[in-house]
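**Q** Residue numbers (this note's numbering): 44 to 210.
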Amino acid sequence: MSAKSKILDIAAIDQKLKRLAWQVYEQNSTEKDIIIVGISERGLILAKKMADLIQEISKVKTNIAHLELDKDNPYNKNVTLNLEEKEYTGKVVVLVDDVLNSGKTLMYAAKHFLTTPLTRLAIMVLVDRNHNRYPIKADYVGLSLATTLQEYINVKLKGTDKGVYLS
44 MSAKSKILDI AAIDQKLKRL AWQVYEQNST EKDIIIVGIS ERGLILAKKM ADLIQEISKV
104 KTNIAHLELD KDNPYNKNVT LNLEEKEYTG KVVVLVDDVL NSGKTLMYAA KHFLTTPLTR
164 LAIMVLVDRN HNRYPIKADY VGLSLATTLQ EYINVKLKGT DKGVYLS
């Protein structure tokens, strides 16, 4: 088993999220509200933190949504979102996930919104590994990290060992 290296501790994650919140606000300061969509469990945790941070620094209202999909086989199951289409039509939607690895998860998550007229669809990730196999990029990136294909990024947002690890 390979050794784990902590790349970001919880303080560094919080600092990155604060910077990302300012970036989202700066690009959407004229909007009345923003829909922040967390992808699966860790994306939802980050989306909730992002929504709180945006609320702290601005008057832009944030609505949180949860998007579920099978990250290993997204083409075999339907994507589910806990919002109805009319709730995000004509709005800014920010998709949030922990790691952009190949782009498959984010591509299938973004596909869910392609048939709805939006003001903007943006993607935010805590870590971008730069190994895209799908033509998708993140608009907001906490940390861009060049890794080998054999290395693995693990984001822990619960428990006593919160952080981003490289193994």
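Glycine included, every Cβ here is placed at the ideal spot set by N, Cα and C.
Note that the structure is predicted; figures quoted are calculated from it, not measured.
Between which two residues does the beta strand (DSSP E) harbouring G81 extend?
**A** Here the beta strand (DSSP E) through G81 covers D76 to I82.
**Q** Just to check my reading of the structure: V80 and L110 have Cβ atoms closer than 8 Å, yes? What is that Cβ distance to the nearest angstrom?
**A** That pair is a contact at about 5 Å.
**Q** In three-state DSSP terms, what is M44?
**A** The predicted position of M44 is uncertain, since its pLDDT is 44 and thus under 50; a value taken from the coordinates is nonetheless stated next. Three-state result, M44: coil.
**Q** Can you give me the C-alpha to C-alpha distance between L199 and K129, rounded to a whole angstrom?
**A** The residue asked about is misnamed: residue 199 is Lys in this sequence, not Leu. Whole-angstrom Cα-Cα distance: 33 Å.
**Q** What is the residue span of the beta strand (DSSP E) that K199 lies within?
**A** First-last of the beta strand (DSSP E) with K199: I196 to K199.
**Q** Identify, in the order they occur along the chain, each residue of the same chain with its Cβ nearer than 8 Å to the Cβ of S101, setting aside the five sequence neighbours on each side.
**A** Counting only Cβ-Cβ distances below 8 Å, and skipping sequence neighbours, we find Y68 and S72.
**Q** Within a Cβ cutoff of 7 Å, which residues of the same chain sit near L96, ignoring the five residues on either side of it in sequence?
**A** Excluding positions up to five away in sequence, the list reads L60, K61 and A64.
**Q** Mind checking if D76 is an interface residue toward chain B, Cβ cutoff 8 Å exclusive?
**A** Absence of chain B from the displayed structure is noted, only one protein chain being present.
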